[in-house]
Amino acid sequence: MSDYSYKYAGNLYLNITNRCMMACPYCIKYKWANNFRGNSLKLDREPTAEEVIKSIGDPTQYGEIIFCGYGDALIRLNEVIEISKWLKSKNVRVRINTAGLANRYHNRNILPELKGLIDVISVSLNGATPEEHNRINRPMFKEESFGEILKFVREAKKYIPTVVITAVELPGLDVAKVKETAKELGVFFRARPLLED
Numbered sequence: 000m001s002d003y004s005y006k007y008a009g010n011l012y013l014n015i016t017n018r019c020m021m022a023c024p025y026c027i028k029y030k031w032a033n034n035f036r037g038n039s040l041k042l043d044r045e046p047t048a049e050e051v052i053k054s055i056g057d058p059t060q061y062g063e064i065i066f067c068g069y070g071d072a073l074i075r076l077n078e079v080i081e082i083s084k085w086l087k088s089k090n091v092r093v094r095i096n097t098a099g100l101a102n103r104y105h106n107r108n109i110l111p112e113l114k115g116l117i118d119v120i121s122v123s124l125n126g127a128t129p130e131e132h133n134r135i136n137r138p139m140f141k142e143e144s145f146g147e148i149l150k151f152v153r154e155a156k157k158y159i160p161t162v163v164i165t166a167v168e169l170p171g172l173d174v175a176k177v178k179e180t181a182k183e184l185g186v187f188f189r190a191r192p193l194l195e196d
């Protein structure tokens, strides 16, 4: 059976879709298709919001609840909203890890719908130029994606208390340039280690 939630380092992660706007060859879902840290994250089907909530149990036992699995949770915006409303009713800190392409994917600004529900949004930006980002991450919107992510980050600052840009420490990626982009946008930055086999 697929895991809709899994524990790691005192937090709980929610795995609600395997769909993503990217096809990054370094992604954990290609390395550990059926087992990631002892969890089965390859979904047989996408869970309902109710099934995810049931899998959480008591959310107050975790430092943070994070939407992060084998896909980008913001593809399933309605479920993210429903689950987050329930979590915030329990006064739980909520974070979303995303590719930053949800506005482009849904063809509208979805960030106002997340106001008051999400405490932290962490946007993965593995590339310092449109060309580099497209080559490394293979996004569905090609080189247009880089600019869309930057727009998403700027807009997110209006609605989400903490906005973070992250970059995986990939061979050949100038992480310092991505950090500089985060600084220019006025958001936090975090480098993430490349998870090896």
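0 is the number of the first residue of the sequence shown in numbering that gives the first Met the number 0; add one for each residue after it.
For glycine and all other residues, C-beta sits at the position ideal for the given N, C-alpha and C.
In this text the structure is predicted, and so the values were computed from the model without any measurement.
- Fewer than three beta-carbon pairs drawn from the stretch 92-111 and the stretch 168-185 are found closer than 8 Å, and the two stretches are therefore not classed as touching.
- Straight-line measurement puts the Cα of A155 at about 10 Å from the Cα of L149.
- In terms of Cα proximity to V51, the closest of L13, I80, D173 is L13.
- Shown here for K87: same chain residues with a beta carbon closer than 8 Å to its own, the five before and five after excluded, namely V93, G115, L116 in chain order.
- Cβ contact annotation for L169 (same chain, cutoff 8 Å, sequence separation greater than five): Y25, N125, I135, L193, in chain order.
- Sequence-distant Cβ neighbours of K141 in its own chain, meaning closer than 6 Å and more than five residues away, are N133.
- In the structure shown, A190 adopts extended strand secondary structure according to DSSP, grouped into three states.
- Distance from the CA atom of T47 to the CA atom of V163, rounded to whole angstroms, is 28 Å.
- V122 carries a strand assignment under DSSP once its states are collapsed to helix, strand and coil.
- The Cβ atoms of V122 and T161 do not sit closer than 8 Å to each other.
- A direct Cα-to-Cα measurement between L172 and R18 gives close to 25 Å.
- For the set I64, N90, G68, the Cα lying nearest the Cα of G9 is the one of I64.
- Within the same chain, T161, V162, V163, I164, A181 come within 8 Å of F187 by CB-CB distance, once the 5 residues on both sides are set aside.
- Residue L40 holds the alpha-carbon nearest to the alpha-carbon of G70 among N77, L40, N102, R189.
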